[in-house]
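Residue numbers (our numbering), protein chains in the order written: chain A, 701 to 795; chain B, 43 to 400. Ideal Cβ positions, reconstructed from N, Cα and C, are used throughout, including at glycine. The structure presented is a predicted model; accordingly, all values stated were derived computationally and were not measured. These notes concern the structure reproduced below.
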Amino acid sequence: MSLHIAPHERPYLPRGVRLMRDKLRDQTVLLAPEKAVALDMVGEAILTRVNGVNSLDEIVTDLAQTYNAPRDQIAGDVQRFLQGLRARIFLRVHP
Amino acid sequence: MSPPPPVAMLAELTHRCPLACPYCSNPLDLLKKDAELDTETWAIAFRQAAEMGVLQVHLSGGEPASRPDLVELTQAAHDAGLYTNLITSGIGLTPRRLDALEAAGLDHVQLSMQGTTAELADWIGGYKGGFARKLMVAEELKQRGIPLTLNAVMHRHNLDDLDRTIEMAVELGARRMEVACVQFHGWATQNRGMLLPTREQTETTKRKVAEAAERLKGVMAFDFVPPDYYADYPKACMGGWGSAGLNIAPDGTVLPCHSAQMIPHLTFEKITDKPLAEIWYDSPSFNAYRGDDWMPDTCRSCERKEIDFGGCRCQALMIAGDAAKMDPVCRKSPDHARVAQMLEDAMAAPQDGFTYRR
Chain A
701 MSLHIAPHER PYLPRGVRLM RDKLRDQTVL LAPEKAVALD MVGEAILTRV
751 NGVNSLDEIV TDLAQTYNAP RDQIAGDVQR FLQGLRARIF LRVHP
Chain B
43 MSPPPPVAML AELTHRCPLA CPYCSNPLDL LKKDAELDTE TWAIAFRQAA
93 EMGVLQVHLS GGEPASRPDL VELTQAAHDA GLYTNLITSG IGLTPRRLDA
143 LEAAGLDHVQ LSMQGTTAEL ADWIGGYKGG FARKLMVAEE LKQRGIPLTL
193 NAVMHRHNLD DLDRTIEMAV ELGARRMEVA CVQFHGWATQ NRGMLLPTRE
243 QTETTKRKVA EAAERLKGVM AFDFVPPDYY ADYPKACMGG WGSAGLNIAP
293 DGTVLPCHSA QMIPHLTFEK ITDKPLAEIW YDSPSFNAYR GDDWMPDTCR
343 SCERKEIDFG GCRCQALMIA GDAAKMDPVC RKSPDHARVA QMLEDAMAAP
393 QDGFTYRR
């Protein structure tokens with residue numbers, strides 16, 4: 701299976717994977733089976749838009765507008781980040 | 043410098059277990075039921091852990107399902123805000139109990155796998171009928187959609203069955219598989235001759251895991267724990283002593299790792315005597331092997347000290363005779379020859395049966 705996410709696919713966090721605000725460390729973490737991943741601002745910005753409804757394309761567009769950044773660059777960053785999570789099954793996609 | 047707060051806590055709810063695995067890593071002297079913390083004390087421990095920064099709790103044992111209050115304990119951990127992971131053989135988890143655990147907020151299950159057939163699995167686990175019950179539990183978990191990691195504990199007598207083990211993990215719907223070669227602590231040490239894989243098995247396993255990880259990309263993720271006696275450098279035991287995780291034994295003793303009590307000169311404190319945070323930050327046991335002050339010169343000047351943190355203190359004690367020495371697995375260790383000798387002895391050992399944990 702390829703990890704590549706197509707523009708129309710809608711990524712989501714599967715059961716057992718969720719975001720949590722870690723007040724003590726003042727950061728957002730991704731909690732997953734036997735793993736906690738501290739997110740930087742970019743990771744947080746991406747994952748707060750991942751909800752199983754928004755398509756990859758919509759997520760990229762939203763980020764490019766919000767941060768006034770080149771769309772191609774954002775698309776590459778988001779693809780890379782989400783593929784990393786997908787490899788660990790921390791992320792799945794609706795077709 | 044103050045250490046960072048812990049991320050994970052292993053809660054050893056009990057030492058009781060229906061299985062008799064020869065590689066049991068629990069200490070030689072097991073705590074009895076009457077020494078175990080009660081429900082409310084565990085709930086306090088979970089709340090203290092969450093307050094001091096712990097994000098995940100691993101409910102373990104022994105067999106945690108041997109605790110009649112497992113559902114209440116899971117609920118208490120969940121209510122404290124912790125991500126709850128149940129580490130189990132599956133024995134004792136009925137459909138009704140799984141319903142209750144799910145309702146209590148259980149996030150994830152790690153199910154152990156002793157072998158791929160009833161004959162093999164029940165021989166290794168020393169518990170007749172265990173395999174059939176485990177498969178039923180796995181099916182129940184799958185039906186409910188509870189996230190599952192399959193933990194395949196591998197050694198000389200089941201490594202040749204790795205392909206089938208991986209297939210089975212996929213069939214059972216596991217998202218993640220740990221191929222965990224037996225580590226020699228506690229009870230396991232006396233079965234070293236039966237359990238240590240051959241070098242050839244070890245090399246084949248590494249190749250097979252890498253191939254399967256590529257083939258199953260996006261389907262199942264792998265974590266591989268190699269048999270460290272064959273390694274050139276030690277494992278990053280616990281991610282460094284007292285840096286990322288802590289362990290509470292069934293009687294409330296707070297430990298930097300689950301076999302730390304074998305280090306005779308250290309005194310460990312209990313959750314019933316002191317707040318968890320005080321033990322984590324201030325106790326002599328947790329501070330004993332933090333940082334690099336304790337390290338032998340070879341470790342302190344080593345470019346890998348931030349990678350493996352000097353390896354495993356219990357292994358240094360066990361093989362080199364001193365917990366502050368280099369982990370003898372490291373090829374730079376003056377005691378490395380002892381590991382080579384152990385491998386040689388194990389390869390020559392008669393394969394005449396396990397000494398079961400009973």
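Item to check | Which residues DSSP lists as bridging Phe-442 of chain B, in chain order | outcome: Not covered by the structure: residue 442 of chain B. The range shown for chain B is 43 to 400.
Item to check | Spatial distance of Ser-702 of chain A from Val-261 of chain B (CA atoms) | outcome: Start at 1 with the first residue of the first sequence, and residue 702 of chain A comes out as number 2. Start at 1 with the first residue of the second sequence, and residue 261 of chain B comes out as number 219. About 10 Å.
Next on the checklist: If you measure between the beta carbons of Val-96 of chain B and Met-155 of chain B, is that distance less than 7 Å?
Outcome noted: Looking up residue 96 of chain B in the second sequence gives position 54. Looking up residue 155 of chain B in the second sequence gives position 113. Not in contact: Val-96 of chain B and Met-155 of chain B (Cβ atoms no closer than 7 Å).
Item to check | Where Gln-225 of chain B falls: helix, strand or coil (DSSP) | outcome: Against the second sequence, residue 225 of chain B aligns to sequence position 183. Coil at Gln-225 of chain B, not helix or strand.
Item to check | Span separating the alpha-carbon of Val-221 of chain B from that of Ala-142 of chain B | outcome: Locating residue 221 of chain B in the second sequence gives position 179, where the first residue counts as 1. Locating residue 142 of chain B in the second sequence gives position 100, where the first residue counts as 1. So the two alpha carbons sit approximately 29 Å from each other.
Item to check | Alpha-carbon spacing of Ala-775 of chain A relative to Trp-229 of chain B, whole angstroms | outcome: On the first sequence, position 75 is the one that residue 775 of chain A refers to. On the second sequence, position 187 is the one that residue 229 of chain B refers to. Approximately 52 Å between the Cα atoms of the pair.
Checklist entry - Are any of the Cβ atoms in chain B nearer than 7 Å to that of Leu-703 of chain A? => result Locating residue 703 of chain A in the first sequence gives position 3, counting from the first residue. Interface residue, yes.
Item to check | Three-state secondary structure assigned by DSSP to Val-195 of chain B | outcome: Residue mapping note: residue 195 of chain B aligns to position 153 of the second sequence, counting from 1. Strand at Val-195 of chain B.
Item to check | CA-to-CA distance, Lys-735 of chain A to Arg-264 of chain B, given in whole angstroms | outcome: The residue you call residue 264 of chain B lines up with position 222 of the second sequence. The residue you call residue 735 of chain A lines up with position 35 of the first sequence. At residue 264 of chain B the sequence reads Phe, which differs from the Arg that was named. Looking at the two C-alpha atoms, the distance is approximately 13 Å.
Item to check | Minimum length 4: unbroken alpha helix (DSSP H) runs contained in the segment 732-779 of chain A | outcome: 741-747, 756-766
Item to check | Ala-145 of chain B (DSSP reduced to helix, strand or coil) | outcome: Counting from 1 along the second sequence, the entry for residue 145 of chain B is found at position 103. Helix.
Checklist entry - Does Val-96 of chain B get closer than 7 Å to chain A when you measure Cβ to Cβ? => result Here residue 96 of chain B is taken as the residue at index 54 of the second sequence, counted from 1. Not one chain A Cβ lies under 7 Å of Val-96 of chain B.
Next on the checklist: Suppose contacts are defined by Cβ-Cβ distances below 7 Å. Is Pro-292 of chain B in contact with His-57 of chain B by that definition?
Outcome noted: Within the second sequence, the letter at position 250 stands for residue 292 of chain B. Within the second sequence, the letter at position 15 stands for residue 57 of chain B. Yes, they are a contact pair.
Next on the checklist: Could you check whether the Cβ of Asp-726 of chain A sits closer than 6 Å to any heavy atom belonging to the ligand MG?
Outcome noted: Ligands displayed in this structure: none; no statement on the ligand MG is therefore possible.
Item to check | Segment limits, beta strand (DSSP E) that includes Met-701 of chain A | outcome: Residue 701 of chain A sits at position 1 when you count from the first residue of the first sequence. That residue, Met-701 of chain A, is in no beta strand (DSSP E); it is neither H nor E in DSSP.
Next on the checklist: Can you tell me where the beta strand (DSSP E) holding Thr-244 of chain B begins and where it ends?
Outcome noted: Sequence index remark: in the second sequence, residue 244 of chain B carries index 202 (1-based). Annotation for Thr-244 of chain B: no beta strand (DSSP E) segment contains it, though the alpha helix (DSSP H) segment containing it runs 241-257.
Checklist entry - According to DSSP, which residues form a beta bridge with Pro-711 of chain A? => result Your numbering for residue 711 of chain A matches position 11 in the first sequence. Its beta-bridge partners are A:Val-793.
Checklist entry - If Ala-174 of chain B and Ala-160 of chain B are in contact, beta carbons under 8 Å, what's the gap, nearest whole angstrom? => result Along the second sequence, one-based indexing puts residue 174 of chain B at 132. Along the second sequence, one-based indexing puts residue 160 of chain B at 118. Right, their Cβ atoms sit about 6 Å apart.
Checklist entry - Going by C-alpha distance, which of B:Asn-233, B:Glu-54, B:Pro-45, B:Leu-238 is nearest Cys-32 of chain B? => result Because chain B here runs from 43 to 400, residue 32 of chain B falls outside it and cannot be looked at.
Next on the checklist: Assuming the contact rule is C-beta atoms closer than 8 Å, Ala-85 of chain B and Gly-167 of chain B should be a hit. Round their C-beta distance to whole Å, please.
Outcome noted: Here residue 85 of chain B is taken as the residue at index 43 of the second sequence, counted from 1. Here residue 167 of chain B is taken as the residue at index 125 of the second sequence, counted from 1. Going by Cβ atoms, the distance from Ala-85 of chain B to Gly-167 of chain B rounds to 31 Å, so no, they are not a contact pair.
Checklist entry - Between Leu-190 of chain B and Gln-243 of chain B, is the Cβ-Cβ spacing less than 7 Å? => result The count along the second sequence starts at 1 and reaches residue 190 of chain B at position 148. The count along the second sequence starts at 1 and reaches residue 243 of chain B at position 201. No.
Item to check | Test item: CB-CB of Asp-369 of chain B and Gln-383 of chain B under 7 Å | outcome: Residue numbering aside, residue 369 of chain B sits at position 327 when the second sequence is read from its first letter. Residue numbering aside, residue 383 of chain B sits at position 341 when the second sequence is read from its first letter. It is not a contact, given that the beta carbons lie outside the stated cut-off.
Checklist entry - Between the segment 294-311 of chain B and the segment 377-397 of chain B, do three or more beta carbon pairs fall short of 8 Å? => result no
Item to check | Nearest to Val-778 of chain A (by Cα), restricted to the options A:Gly-743, A:Ile-789, A:Arg-788 | outcome: Numbered from its first residue, the first sequence carries residue 778 of chain A at position 78. The shortest Cα separation from Val-778 of chain A among A:Gly-743, A:Ile-789, A:Arg-788 belongs to A:Gly-743.
Next on the checklist: Here's the rule: buried if 16 or more other CB atoms are within 10 angstroms of the residue's CB, otherwise exposed. What is Ser-15 of chain B?
Outcome noted: This structure leaves residue 15 of chain B out entirely; chain B is present only between 43 and 400.
Next on the checklist: Please tell me whether Gly-716 of chain A has its Cβ less than 7 Å away from any Cβ of chain B.
Outcome noted: Counted from its first residue, the first sequence places residue 716 of chain A at position 16. Yes, Gly-716 of chain A counts as interfacial toward chain B.
Item to check | Bounding residues of the beta strand (DSSP E) (the contiguous stretch that carries Ala-53 of chain B) | outcome: The residue you call residue 53 of chain B lines up with position 11 of the second sequence. Start and end: 50-54.
Next on the checklist: Can you pull the chain A neighbours of Arg-218 of chain B, defined as C-beta to C-beta under 7 Å?
Outcome noted: Numbered from 1 along the second sequence, position 176 holds the residue referred to as residue 218 of chain B. Near Arg-218 of chain B (Cβ distances below 7 Å), the residues of chain A are Pro-733, Ile-789.
Checklist entry - Who are the neighbours of Asn-127 of chain B on chain A, taking C-beta pairs under 8 Å? => result Taking the second sequence and counting its residues from 1, one reaches residue 127 of chain B at position 85. Result: Pro-733, Glu-734.
Checklist entry - Name the chain A residues whose beta carbon is nearer than 9 Å to that of Thr-191 of chain B? => result Here the question's residue 191 of chain B lines up with position 149 in the second sequence. Under the 9 Å cutoff, chain A gives Pro-733, Glu-734.
Next on the checklist: Give me the DSSP bridge partner(s) of Ala-263 of chain B.
Outcome noted: Against the second sequence, residue 263 of chain B aligns to sequence position 221. In DSSP, Ala-263 of chain B forms a bridge with B:Arg-218.
Next on the checklist: Helix, strand or coil for Lys-184 of chain B? Go by DSSP, reduced to three states.
Outcome noted: Start at 1 with the first residue of the second sequence, and residue 184 of chain B comes out as number 142. Three-state result, Lys-184 of chain B: helix.
Item to check | Extent of the continuous alpha helix (DSSP H) to which Tyr-323 of chain B belongs | outcome: Working through the second sequence from its first residue, we reach residue 323 of chain B at position 281. Element bounds for Tyr-323 of chain B: 318-324.
Checklist entry - Which ranges would you report for the alpha helix (DSSP H) in the segment 79-140 of chain B if only whole runs of at least 4 residues count? => result Taking only runs of at least 4 residues, the alpha helix (DSSP H) segments lying wholly in the segment 79-140 of chain B are 81-93, 112-121.
Checklist entry - Based on Cα-Cα distance, which residue from B:Glu-105, B:Pro-392, B:Met-94 lies nearest to Gly-123 of chain B? => result To locate residue 123 of chain B, count along the second sequence from 1; it is residue 81. Closest by alpha carbon: B:Met-94.
Checklist entry - To which residues of the same chain is Lys-347 of chain B closer than 8 Å at the C-beta, ignoring the five residues directly before and after it? => result Numbered from 1 along the second sequence, position 305 holds the residue referred to as residue 347 of chain B. These residues qualify, in order along the chain: Asp-334, Met-337, Cys-341.
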